[in-house]
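K.L.:
Going down the list, the sequences are from chains A and B.
Each position in the first sequence, counted from 1, maps to that position plus 180 in the working numbering.
Each position in the second sequence, counted from 1, maps to that position plus 180 in the working numbering.
I am attaching a structure below and will ask some questions about it afterwards.
There are 2 protein chains.
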Amino acid sequence: MPADRIPPHPDPRDIPLQQVLEALIEPARRAIIEQLSAHPADIACGAFDLTITKSTATHHFRVLREAGLIRQYYAGTSRMNSLRREEFDDAFPGLLEAVLRASLREAGPRGMRS
Amino acid sequence: MPADRIPPHPDPRDIPLQQVLEALIEPARRAIIEQLSAHPADIACGAFDLTITKSTATHHFRVLREAGLIRQYYAGTSRMNSLRREEFDDAFPGLLEAVLRASLREAGPRGMRS
DNA sequence: GTCAAAGTTTGACCATGGTCGTACTTCTGT
DNA sequence: ACAGAAGTACGACCATGGTCAAACTTTGAC
Numbered sequence: 181m182p183a184d185r186i187p188p189h190p191d192p193r194d195i196p197l198q199q200v201l202e203a204l205i206e207p208a209r210r211a212i213i214e215q216l217s218a219h220p221a222d223i224a225c226g227a228f229d230l231t232i233t234k235s236t237a238t239h240h241f242r243v244l245r246e247a248g249l250i251r252q253y254y255a256g257t258s259r260m261n262s263l264r265r266e267e268f269d270d271a272f273p274g275l276l277e278a279v280l281r282a283s284l285r286e287a288g289p290r291g292m293r294s
Numbered sequence: 181m182p183a184d185r186i187p188p189h190p191d192p193r194d195i196p197l198q199q200v201l202e203a204l205i206e207p208a209r210r211a212i213i214e215q216l217s218a219h220p221a222d223i224a225c226g227a228f229d230l231t232i233t234k235s236t237a238t239h240h241f242r243v244l245r246e247a248g249l250i251r252q253y254y255a256g257t258s259r260m261n262s263l264r265r266e267e268f269d270d271a272f273p274g275l276l277e278a279v280l281r282a283s284l285r286e287a288g289p290r291g292m293r294s
């Protein structure tokens, strides 16, 4: 029996702004979002570049999922993650783009001249 | 001597995204931003519609000012507040607009049909 | 000069949330 | 069937930050 290993995925439109901001404020969670948006394919939980333990990572993935930011599904024993880009943008237009842009601007342009 | 009652106003471009999000995550602080963006003129600290004590409000205003979101100056014994719209938008394009839009969507459209 | 108004500062309290270790579950390969 | 891999769940710990009360400062008005 597949059981209900597939966790619930709320509609981003039903999520209050407060919850979304609380999800995006944690640096490790933003790192997850950044890596998802930079990578073309979905990523397994264990394949992210994070410096935290597995149990902490699980916590972060759940917060992101419940905030409508990521989708999770099983591929064998791995739990895959993908960004819910369109659905989230539809509920919070411009928000993810603004956060990602600021995030990349801080960590991104190595060696840029003013 | 006017003394240094005028607190420091950092350049929004020097503020990390983390600090901005921490400023925007508090509902009372978002209420301040919303009221500033909805009102044409500047607003004194005591003239906001808030349900917190003065000392707590002072704390929130400081957080917003240090995050580059508001400008403060004295008018007599009142401390006036204004939104640093352009400067902030220049540093974090689209962020304030996205947050304000989501904020107003939740509390705003009274009586709207689907 | 005195008094009230408007904010600030300080200190304390407390709830929230990120963190980890440990134990547990579920699936895959052999 | 068994072992290992990949995550999850639970509990505990602890730092951070919002909150208030009380005392203080500064300004404007009379």
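Quick reminder that beta carbons are idealized off the backbone N, C-alpha and C, glycines included.
On the CB-based measure, 16 or more other CB atoms within 10 Å of its CB, does GLY248 of chain A come out buried or exposed?
P.N.:
Start at 1 with the first residue of the first sequence, and residue 248 of chain A comes out as number 68. So GLY248 of chain A counts as buried.
K.L.:
Got a sec, what are the start and stop residues for the beta strand (DSSP E) LEU263 of chain A sits in?
P.N.:
Counted from its first residue, the first sequence places residue 263 of chain A at position 83. Residues 258-263.
K.L.:
Would you mind stating whether ILE205 of chain B and PHE228 of chain B have Cβ atoms separated by less than 7 Å?
P.N.:
Within the second sequence, residue 205 of chain B is the residue found at index 25, counting from 1. Within the second sequence, residue 228 of chain B is the residue found at index 48, counting from 1. It is not a contact, given that the beta carbons lie outside the stated cut-off.
K.L.:
Report buried or exposed for SER235 of chain B, applying the criterion of at least 16 other Cβ atoms within 10 angstroms of its Cβ.
P.N.:
If you number the second sequence from 1, residue 235 of chain B lands on position 55. By the 10 Å Cβ count, SER235 of chain B comes out exposed.
K.L.:
What separation, rounded to the nearest whole angstrom, lies between the Cα atoms of ALA255 of chain A and SER262 of chain A?
P.N.:
Counting from one through the first sequence, the residue named residue 255 of chain A turns up at place 75. Counting from one through the first sequence, the residue named residue 262 of chain A turns up at place 82. Whole-angstrom Cα-Cα distance: 13 Å.
K.L.:
Since VAL243 of chain B meets chain A, which of its residues come closer than 8 Å, beta carbon to beta carbon?
P.N.:
Residue mapping note: residue 243 of chain B aligns to position 63 of the second sequence, counting from 1. Within 8 Å Cβ-Cβ: nothing; VAL243 of chain B doesn't reach chain A, min ~14 Å.
K.L.:
What is the DSSP secondary structure of ALA255 of chain A, counted as helix, strand or coil?
P.N.:
By 1-based counting over the first sequence, the position of residue 255 of chain A is 75. In the structure shown, ALA255 of chain A falls within a strand segment according to DSSP collapsed to helix, strand and coil.
K.L.:
Measuring alpha carbon to alpha carbon, tell me which of B:ALA208, B:PRO196 and B:ILE186 ends up nearest ALA271 of chain B.
P.N.:
Taking the second sequence and counting its residues from 1, one reaches residue 271 of chain B at position 91. Comparing Cα positions, the closest option is B:PRO196.
K.L.:
Starting from ILE223 of chain B, follow its DSSP beta bridges and name the residues at the other end.
P.N.:
If you number the second sequence from 1, residue 223 of chain B lands on position 43. Partner(s): B:ASN261.
K.L.:
With a CB to CB cut of under 6 Å and the five nearest residues on each side skipped, what residues in its chain are close to TYR253 of chain A?
P.N.:
Residue mapping note: residue 253 of chain A aligns to position 73 of the first sequence, counting from 1. Hits under 6 Å: MET260.
K.L.:
Who are the Cβ neighbours of THR238 of chain B in its own chain at under 8 Å, not counting the five residues just before and after it?
P.N.:
Counted from its first residue, the second sequence places residue 238 of chain B at position 58. Closer than 8 Å at the Cβ level, and outside the excluded window around THR238 of chain B, lie CYS225.
K.L.:
With burial defined as no fewer than 16 other Cβ atoms inside 10 Å of the residue's Cβ, what is the status of ILE250 of chain B: buried or exposed?
P.N.:
In the second sequence, counting from the first residue as 1, residue 250 of chain B sits at position 70. It is buried - the Cβ of ILE250 of chain B has at least 16 other Cβ atoms within 10 Å.
K.L.:
In chain order, what residues of the stretch 202-215 of chain A put their CB closer than 9 Å to some CB of chain B?
P.N.:
Those residues of the stretch 202-215 of chain A that come within reach of chain B (Cβ to Cβ, closer than 9 Å) are GLU202, LEU204, ILE205, PRO207 and ARG210.
K.L.:
With a threshold of 7 Å between beta carbons, is SER262 of chain A in contact with chain B?
P.N.:
Working through the first sequence from its first residue, we reach residue 262 of chain A at position 82. For SER262 of chain A, the answer is no, since every Cβ of chain B falls outside 7 Å of its Cβ.
K.L.:
So which residues of chain A does PHE272 of chain B contact, with C-beta pairs closer than 7 Å?
P.N.:
What you label residue 272 of chain B is simply residue 92 of the second sequence in a count that begins at 1. Residues of chain A passing the Cβ test: ALA278 and ALA282.
K.L.:
Quick check on DSSP: helix, strand or coil for ILE232 of chain A?
P.N.:
Start at 1 with the first residue of the first sequence, and residue 232 of chain A comes out as number 52. Reduced to three states, the DSSP call for ILE232 of chain A is coil.
K.L.:
Hey, out of B:VAL279, B:LEU216 and B:GLU267, whose CA is closest to ASP194 of chain B's CA?
P.N.:
Along the second sequence, one-based indexing puts residue 194 of chain B at 14. Sorting B:VAL279, B:LEU216 and B:GLU267 by C-alpha distance to the C-alpha of ASP194 of chain B places B:GLU267 at the top.
K.L.:
In whole angstroms, what separates the C-alpha of LEU275 of chain B from that of PRO187 of chain A?
P.N.:
Sequence index remark: in the second sequence, residue 275 of chain B carries index 95 (1-based). Sequence index remark: in the first sequence, residue 187 of chain A carries index 7 (1-based). Cα-Cα distance, rounded: 30 Å.
K.L.:
Measuring alpha carbon to alpha carbon, tell me which of A:THR257, A:ALA208 and A:PRO220 ends up nearest ILE232 of chain A.
P.N.:
Walking along the first sequence from the start, residue 232 of chain A turns up at place 52. Closest by alpha carbon: A:ALA208.
K.L.:
Buried or exposed: which applies to ARG185 of chain A, given that a residue is buried once 16 or more other Cβ atoms fall within 10 Å of its Cβ?
P.N.:
Within the first sequence, numbered from 1, the residue matching residue 185 of chain A stands at position 5. Flag for ARG185 of chain A reads exposed.
K.L.:
In chain A, which residues lie with their C-beta within 7 Å of the C-beta of GLU286 of chain B?
P.N.:
Position 106 of the second sequence, counted from the first residue, corresponds to residue 286 of chain B. Simply PRO196 and LEU197.
K.L.:
Please compile the residues from chain B whose C-beta is within a distance smaller than 7 Å of the C-beta of LEU230 of chain A.
P.N.:
Within the first sequence, the letter at position 50 stands for residue 230 of chain A. By Cβ distance, chain B contributes nothing, its closest Cβ being about 17 Å from LEU230 of chain A, past 7 Å.
K.L.:
Taking ILE186 of chain A as part of the alpha helix (DSSP H), name the residues at either end of that continuous run.
P.N.:
As a position in the first sequence, residue 186 of chain A is number 6, starting the count at 1. Neither: ILE186 of chain A is in no alpha helix (DSSP H) and is coded neither H nor E.
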